[in-house]
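Following: one structure in structure tokens, then a few remarks.
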Amino acid sequence: MADEKLNTGPAENISPEAAEPITTPEQAAASEPQQEQTGPAIPESGDVVVSFDKINELMAEKRQNARAEVEKAEPPETPEA
Numbered sequence: 000m001a002d003e004k005l006n007t008g009p010a011e012n013i014s015p016e017a018a019e020p021i022t023t024p025e026q027a028a029a030s031e032p033q034q035e036q037t038g039p040a041i042p043e044s045g046d047v048v049v050s051f052d053k054i055n056e057l058m059a060e061k062r063q064n065a066r067a068e069v070e071k072a073e074p075p076e077t078p079e080a
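Right, here's the structure in full:
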């Protein structure tokens, strides 16, 4: 009786379709993990390369402009006495 209760978790409810082996080369290539890039990327012809610092500078400028628009749209606060 104790042997019947072993290995009865949800992991055993695997459908037969999921257990089939990969048969085509396309499926095998798709299931292989991608290698992690260790060095800097080598841009190809026509690629646009923007440095991390420049992206941060542009995003900070965008946030600053958005804040200015919000502050301009809000009515000025008057202190309550």
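According to numbering that gives the first Met the number 0, the stretch in the sequence shown is residues 0 to 80, in order.
In this text, a Cβ means the ideal position worked out from N, Cα and C, and glycines have one as well.
Inter-residue CB distance, proline 42 and valine 48 (contact presumed, cutoff 8 Å): 5 Å
Contacts around glycine 45, its chain only, beta-carbon distance under 8 Å, and the 5 residues preceding and following it disregarded: none
Enclosing alpha helix (DSSP H) for aspartate 52 [first to last residue]: 51 to 72
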